[in-house]
Amino acid sequence: MAVDHFDCCIVGAGVVGLACARALAMRGYSTLVLETTKTYGAGISSRNSEVIHAGIYYPTNSLKAQLCVEGKHLLYEYCNRKGIPHRRLGKLIVATSHDQAEQLAALESRAMDNGVLDLEWIDSKRLTTMEPQVKAQLALLSPSTGILDSHALMTSLLLDLEAERGTLCLNTEFLSAQQTNTGFRVEVRSVGEPYAFHCGRFVNAAGLQAQAVAARIEGSSRHSIPALHLCKGCYFSLSGQSPFAHLIYPLPDPNTIGLGIHATVDLSGQARFGPDTEYVETENYLIPDDRKAHFITAIQHYFPAVDANKLAPAYAGIRPKIQAPGESARDFIIQNHSNGLINLFGIESPGLTAAMAIAERVTQLICN
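Here the numbering used here runs 829 ahead of the position in the sequence shown, where the first position is 1.
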């Protein structure tokens, strides 16, 4: 019995997996995407801030810095060309006391090293004009930071993939892959039925499941699979129209992970706050009852007039971190194995912004 063959198989139909599949299909590769759930983009890609990041925070020459800056330009160009809802609102990184000015200056210096050259200093007088509700002494304006409709982006990537005769298989669980002389024999369970096929290249873009997928690829070295650490982040929404015209970010606390509980605005004009950070043992998306008080305390540092009665739990997300609690932040990992396997590990923020640049990097590895 003949076995179906695909040039490339991608596991994971989040924004990164779909971007990779689209890029490969557009270069003429027959491409199959496997997704365990009943829809695409149901994991990390739909549980984030939907922010197009500028590339300010990440260590210079890291993959996060390079791919965020590259991806930002690719993403804005793609959104403009495809009519994907987005808005270049700009972000204000605020110093709530004068002694944080040095930290702001260090952030500007890193941004410039990363190729982000459009930051602008905002004094307290101008800040009051721009954002009357924000209490801060000084700010950096990042005009290239924006927001987008991530689901519309993923839908467009999928349509591009299908236009190039690529295929997305939903409700399909990856079971195992065995290396052959010409690629991989892949076994899955699709809508409850077993199915096997052959592919020449295998891209693991499974997000929270990337480590589990890698472990089920025969011949994979367990030593090359980084440990997964689940890091939960909760979001709260503010009822009514947003009090902000820009995204508002506090300076990151050097003693914590993440960028701090910041304020974003969605395309409908509603404000959201988050995420916080909490390492967890299991994947769950419940927001604890006591989390609201913690949020109010954090928000009041830059938005003292926040009305607790208008603040309500919105949703939670899980980041696939590859550093344990207390360890320094880790970079994206793009593992390119000589047998045609590419593993993507630790693709957390700024993964959405970087998705199209990651796809270009993966495609270059496969084409070469």
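Note that CB positions come from ideal geometry on N, CA and C, so glycine has one too. It should be emphasised that the depicted structure is a prediction, and the values quoted were computed from it without experimental measurement.
- The DSSP-derived three-state label of glycine 1012 is strand.
- Spatial neighbours of serine 985 in its own chain (CB-CB distance under 7 Å, excluding positions within 5 residues in sequence) are listed in chain order as Lys911 and Ile913.
- Considering only Glu1177, Cys1196, Asn1138 and Gln1193, the residue with the shortest C-alpha distance to alanine 894 is Glu1177.
- In chain order, Tyr886, Tyr1078 and Pro1081 place their CB closer than 7 Å to the CB of leucine 1088, counting only its own chain and leaving out the 5 sequence neighbours on each side.
- At the C-beta level, glutamine 929 and alanine 1134 stay beyond 8 Å of one another.
- Considered as a whole, the stretch 916-990 harbours 930-942 and 953-959 as its complete alpha helix (DSSP H) runs of no fewer than 4 residues, in chain order.
- Approximately 6 Å separates the beta-carbon atoms of glycine 1146 and asparagine 877; this is inside 8 Å, confirming the contact.
- At the C-beta level, leucine 1067 and leucine 1140 come within 8 Å of one another.
- Secondary structure of asparagine 1172 (DSSP, three-state): strand.
- Going by DSSP, valine 832 is part of no alpha helix (DSSP H) at all; its letter is neither H nor E.
- Listed in chain order, the beta strand (DSSP E) runs fully inside the stretch 1094-1169 are 1100-1103, 1140-1150 and 1162-1165, counting runs of at least 3 residues.
- Between leucine 847 and tyrosine 869, the C-beta spacing is below 8 Å.
- Following the DSSP letters along the chain, one finds isoleucine 1090 in no beta strand (DSSP E), marked with neither H nor E.
- Taking the C-beta atoms as reference points, aspartate 836 is found no nearer than 8 Å to cysteine 1063.
- Distance from leucine 936 to isoleucine 922 at the Cβ level is roughly 7 Å; contact confirmed, criterion being Cβ atoms closer than 8 Å.
- DSSP lists Cys838 and Leu1170 as the bridge partner or partners of phenylalanine 1031.
- In this structure, the beta-carbon distance from valine 1032 to tyrosine 1024 does not fall below 8 Å.
- Approximately 7 Å separates the beta-carbon atoms of aspartate 1105 and histidine 1123; this is inside 8 Å, confirming the contact.
- Within the same chain, and ignoring the five residues on either side of arginine 917 in sequence, the residues whose Cβ sits closer than 6 Å to its Cβ are Gly975.
- In the displayed model, valine 1042 falls within a helix according to three-state DSSP.
- Of the residues assessed, tyrosine 907 falls on the buried side of the cut-off, its CB having 16 or more other CB atoms within 10 angstroms.
- Taking one beta carbon from each stretch, the stretch 935-953 and the stretch 1099-1115 have fewer than 3 pairs nearer than 8 Å; the two do not touch.
- With respect to the C-alpha of proline 1154, the residue from Pro1072, Lys1061, Gly919 and Ala1127 having the closest C-alpha is Lys1061.
- Leucine 904: member of the alpha helix (DSSP H) spanning 892-911, first to last residue.
- In the three-state reduction of the DSSP assignment, valine 1191 falls in the helix class.
- The closest CA to that of leucine 1194, considering only Arg1030, Gly1069 and Ser1071, is found on Arg1030.
- Put simply, the backbone Cα of serine 979 is about 27 Å away from that of threonine 889.
- Here the alpha carbons of glycine 1012 and threonine 860 stand approximately 14 Å from one another.
- Looking only at Arg1190, Val1191 and Asn1000, the smallest Cα-Cα distance to glutamate 864 is reached by Asn1000.
- Judged by DSSP in its simplified three-state form, serine 1053 adopts helix.
- No Cβ-Cβ contact shorter than 8 Å links cysteine 838 with alanine 1188.
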